[in-house]
Every structure is written in C-alpha cells, then in structure tokens.
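This report concerns only the one structure given below.
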Amino acid sequence: MLRFISLSTSLALLVLCSTAHAESPFAGDDSNHSIAPHANIGFELLGGADAFSAGVRGHVGVDKAFGSGRVQPSIGIGGTFGLASLSVSDPRALDGRVTIGHADWGPEVQLGARWVDGGIVDTRVFASFAYLYTDLDDRLMLDAIEGVGGTRGMRASIGGNWADRQGRAAVSDLSNEEDAADWLIMLAPQQVEITFERSGGSDRYGVTISYGL
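Residue numbers (the numbering used here): 1042 to 1254.
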C-alpha cells in the first residue's frame, strides 16, 4: 500500500509541477486547461446491515475535459487509498461487536463534467469507480470472524468538487481589507461524495467529505 500511495503522490506532484507556470489555479483568465490535477483527502463514514466503518480517504489523479463549451464532459484516472476502523458483528464479543483495522488502495476512473472558467481548477461533478486491494487486521489470521475477510473489493461514488469557487472567494476576500477574515471559508470542505463500498465481507453506504482539488 505504501508503494501505491508513493506512486500516486508522485503522479499528482508531477502534474502540479507541469502546471506551475500558471499565476493561480483559480485564475479567471481565458486559458483552457483541458488536463487538470486532482488531489484531496478527507473523512469517510460508511455503514451497512452488519458493519460500520470510519476513517480517512484520499484521492490523487488527473482528468481531461473535451469540447469547447462552458460545461465540458471529462474522464479521469488516478488512485484512491483509505485507512479505517471496521466494526462488525461477532457474537463472541461482550457487546456483540468487534472493531478491526481496514486498509484499501487501488486504481480509480472518473466520468464527469467540468464548469470551465479559466485556471487549472474547475468546479466539477463526477461518478467514480475503483477496484480495491484490501488488507484487514492481522488478528483475523489467528481468530477469524465469520463473514469477514477477502483481499479484493470495489468502491463507487457520485460527488462534486467546488474548490474553484471556494478558492476564488478566498482570493477575492484577501484583497479586500474589510472582508479579510472571510478567507476562513477555506476551512469548509471542498468535496462531498455519496459512497458505496464492498470490501471486508460487507456492503457499506455513506458519505465522504474531503479537502482539496
């Protein structure tokens, strides 16, 4: 997993460096950046019939927009990785549940639409799918839990990212002394996803709230 995260991060840094000549990723100029980087990290809460997970979720990658209109379809590739605590049913436990470690990583594809208005970053909506490699708590090798296991999984989501709008608002406020404190808007999340994940022997639904592009 560490190797996958390292490779994914290197990809994001390479793309960011290649676009560093731009004055600002939120600049409202006439430039049309058809290829855009994505990198974000946040919190994920998922639950199902017999399982609940809470942890950290990250994404890195790039996407390419097509066409010349105000709204352009896009396709993206990249990777995702997550670290979470997975709570599952176990009749042997005193309270009927046990919590184990859960990690996953894998390639991801995104299909979506971008509202193009200049700059590297654009507001976008997307649907994503990822094939996951999973790693569960080592304790399961010594004390297995019925219905919990597996080394593969999948993740699908529908979401939106408005880092562009938030960034523009923050940059504008920094130039206005009367509203200088309004840059605090950047403390609000920039991306939300409605998420489905199948891994570790369970299906879970929930939300992912992230910061980043």
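Backbone N, C-alpha and C fix where the C-beta goes; we use that ideal spot for every residue, glycine too.
Source: prediction; values computed, not measured.
Might you give, ordered along the chain, the residues of its own chain that have their beta carbon closer than 6 Å to the beta carbon of Ser1065, omitting 5 neighbours on each side? Counting from 1 along the sequence shown, the entry for residue 1065 is found at position 24. Its pLDDT being 44, under 50, Ser1065 is placed unreliably by the model, and nothing is read from it.
Counting pairs of beta carbons, one from the segment 1236-1249 and one from the segment 1082-1089, are three or more of them closer than 8 Å? By the C-beta criterion, the segment 1236-1249 is judged to be in contact with the segment 1082-1089, since at least 3 inter-stretch pairs fall below 8 Å.
Report the option in Gly1142, His1143, Ser1128 whose CA atom is closest to the CA atom of Asp1136. Your numbering for residue 1136 matches position 95 in the sequence shown. Measuring from the Cα of Asp1136, the nearest candidate turns out to be Ser1128.
State the Cα-Cα distance for the pair Gly993 and Arg1193, rounded to the nearest angstrom. This structure leaves residue 993 out entirely; the chain is present only between 1042 and 1254.
For Ser1094 and Gly1088, the rounded distance between their alpha carbons: Taking the first residue of the sequence shown as position 1, residue 1088 is located at position 47. Taking the first residue of the sequence shown as position 1, residue 1094 is located at position 53. Whole-angstrom Cα-Cα distance: 6 Å.
Identify whether Asp1205 lies in helix, strand or coil by the three-state DSSP scheme. If you number the sequence shown from 1, residue 1205 lands on position 164. Helix.
Continuous beta strand (DSSP E) assignments of at least 3 residues falling wholly in the segment 1084-1112: Unbroken beta strand (DSSP E) stretches of 3 residues or longer found wholly inside the segment 1084-1112: 1092-1106, given in chain order.
Return the chain-ordered list of same chain residues with a C-beta closer than 7 Å to the C-beta of Arg1239, the five sequence neighbours on each side being excluded. Here the question's residue 1239 lines up with position 198 in the sequence shown. Listed in chain order, the non-local C-beta contacts of Arg1239 below 7 Å within the same chain comprise Gly1194, Met1195, local neighbours out to five positions each way being set aside.
I'd like to check one pair, Gly1159 with Gly1120: are the Cβ atoms closer than 8 Å? Here residue 1120 corresponds to residue number 79 of the sequence shown, with the count starting at 1. Here residue 1159 corresponds to residue number 118 of the sequence shown, with the count starting at 1. Cβ distance not < 8 Å, so Gly1120 and Gly1159 don't count as in contact.
How should Ile1235 be labelled, buried or exposed, when 16 other C-beta atoms within 10 angstroms of its C-beta is the threshold for buried? Within the sequence shown, numbered from 1, the residue matching residue 1235 stands at position 194. Ile1235 should be labelled exposed.
Under the three-state reduction of DSSP, which class applies to Ile1250: helix, strand or coil? Sequence index remark: in the sequence shown, residue 1250 carries index 209 (1-based). Ile1250 sits in a strand when the DSSP states are folded into three classes.
Touching by the beta-carbon criterion (3+ pairs, under 8 Å), the segment 1198-1206 and the segment 1164-1174: With the cut-off at 8 Å, the segment 1198-1206 and the segment 1164-1174 touch.
When you compare each of Leu1254, Ser1243, Gly1242, Gly1241 to Met1227 by their alpha carbons, which one comes out closest? Numbered from its first residue, the sequence shown carries residue 1227 at position 186. Ranking the options by Cα distance to Met1227, first place goes to Leu1254.
Quick one, which of Ser1109, Phe1107, His1079 has its alpha-carbon nearest His1100's? Within the sequence shown, the letter at position 59 stands for residue 1100. The shortest C-alpha to C-alpha distance from His1100 to any of Ser1109, Phe1107, His1079 is the one to His1079.
Output needed for Phe1067: all residues of its chain with C-beta closer than 7 Å, excluding positions within five of it in sequence on either side, in chain order. Along the sequence shown, read from residue 1 onward, the residue named residue 1067 stands at position 26. Any answer about Phe1067 is weak, because its pLDDT of 48 lies below 50 and its placement is not dependable; what the coordinates show is given next. Closer than 7 Å at the Cβ level, and outside the excluded window around Phe1067, lie Gly1160, Val1162, Asp1205, Gly1208, Arg1209, Val1212.
Taking the alpha-carbon of Gly1123 as reference, which of Val1097, Pro1132, Phe1107 has the nearest alpha-carbon? By one-based count along the sequence shown, residue 1123 stands at place 82. Nearest option by C-alpha distance: Val1097.
Under a three-way DSSP split, which group does Ile1161 fall into? The residue given as residue 1161 occupies position 120 in the sequence shown. Secondary structure of Ile1161 (DSSP, three-state): coil.
Could you give the first and the last residue of the continuous beta strand (DSSP E) run that contains Gln1232? As a first step, residue 1232 is located in the sequence shown; it is residue number 191 there, counting from the start. First-last of the beta strand (DSSP E) with Gln1232: 1232-1240.
Nearest-angstrom Cα separation, counted from Ser1169 out to Lys1105: Looking up residue 1105 in the sequence shown gives position 64. Looking up residue 1169 in the sequence shown gives position 128. Here the alpha carbons of Ser1169 and Lys1105 stand approximately 14 Å from one another.
Between the alpha carbons of Val1112 and Ala1197, how many angstroms are there, rounded? For this step, residue 1112 is matched to residue 71 along the sequence shown. For this step, residue 1197 is matched to residue 156 along the sequence shown. Distance between the alpha carbons of Val1112 and Ala1197 is about 23 Å.
Could you spell out where the beta strand (DSSP E) holding Ile1141 opens and where it closes? For the purposes of this step, residue 1141 is taken as the residue at position 100 of the sequence shown. Unbroken beta strand (DSSP E) run through Ile1141: 1138-1156.
State the Cα-Cα distance for the pair Gln1231 and Ala1077, rounded to the nearest angstrom. Taking the first residue of the sequence shown as 1, we reach residue 1231 at position 190. Taking the first residue of the sequence shown as 1, we reach residue 1077 at position 36. When rounded, the distance between both Cα atoms is 16 Å.
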